[in-house]
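Working notes, beginning with the structure itself.
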Amino acid sequence: MCICGNEKDFNECCGPIISKETLPKSAEELMRSRYSAYVQANGEYLVYSAVKENQYQEDIALIEEFSNSVEWLKLDVLEVTPNTVEFKAYYRDKDGIQVLHEKSNFVQEDGVWKYKDGELYNTKIERNESCPCGSGKKYKKCCAK
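Residue numbers are given in the numbering used here: position 4 of the sequence shown equals residue 16, and the series is strictly consecutive.
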């Protein structure tokens with residue numbers, strides 16, 4: 013199973029995209045590869061996969077510092093259109109389990125899918141949803157305690 017949650021193996025899913033052996037075929041493939049890169053703390057790929065106007069080399073260290081300071085738990089893809097992907101990425105930090113809920117916008121730049129920007133939502137983990145830690149229990153009976 014890939015880091016992004018797809019059934020395919022990482023080496024057949026996000027791996028070749030992150031290593032730039034293949035190009036993402038869709039906005040969703042790019043978003044999933046970016047999540048996997050966050051899990052791997054691969055700031056270089058995350059900057060590379062953004063539109064040129066948002067590629068700041070100084071962001072690499074900041075991305076890697078953040079990604080290394082949390083434990084990434086899972087990715088839920090909620091809605092996909094040709095140019096947007098809404099998702100929830102769950103991670104654990106010193107304060108417990110957090111959720112990053114975003115609707116990301118993607119564009120093709122020189123024929124290659126790139127991350128443009130996104131709208132963040134202030135979302136909390138619902139007490140009765142499955143715990144993001146993967147225990148199979150409800151959040152209220154698991155990590156919310």
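All C-beta atoms, glycine included, are put in the ideal place defined by N, C-alpha and C.
According to DSSP, which residues form a beta bridge with residue i?
i	result
Thr96	Asn117
Gln110	Tyr103
Tyr5	Residue 5 is absent from the model: the chain starts at 13 and stops at 157.
Tyr127	Ala62 and Phe118
Glu70	Answer is none; Glu70 lacks a bridge partner.
Using a Cβ-Cβ cut-off of 6 Å (strictly less than) and excluding sequence neighbours within five positions of residue i, which residues of its own chain qualify?
i	result
Cys155	Ile109, Cys143 and Cys145
Val59	Gln67, Asp71 and Ile72
Thr135	Val111 and His113
Asn18	Cys25
Less than 7 Å between C-beta atoms, sequence neighbours within five positions excluded: which residues of the same chain meet that for residue i?
i	result
Val124	Leu35
Leu28	Looking at the sequence itself, residue 28 is Pro, so the reference to Leu does not match. Closer than 7 Å at Cβ, skipping near neighbours: Thr34.
Glu83	Tyr103 and Arg104
Closest to residue i by C-alpha separation, out of the options, would be which residue?
i	options	result
Ala62	Ile137, Asn117, Tyr133 and Cys26	Asn117
Glu114	Lys106, Val97 and Tyr127	Val97
Glu131	Lys157, Gln120, Lys100 and Lys149	Lys100
Met43	Pro94, Val111 and Lys150	Pro94
Gln52	Lys149, Lys64, Asp21 and Cys16	Cys16
Lys128	Glu65, Lys157, Lys149 and Ser147	Glu65
Glu56	Ser147, Tyr133 and Glu77	Glu77
Lys20	Ser45, Tyr133 and Ile75	Ser45
Margin query: With three or more C-beta pairs closer than 8 Å as the rule, is the stretch 87-103 touching the stretch 58-72?
Written below: Too few Cβ pairs lie closer than 8 Å, so no.
Contiguous alpha helix (DSSP H) assignments of at least 4 residues, all confined to the stretch 16-53 = 27-30 and 39-51
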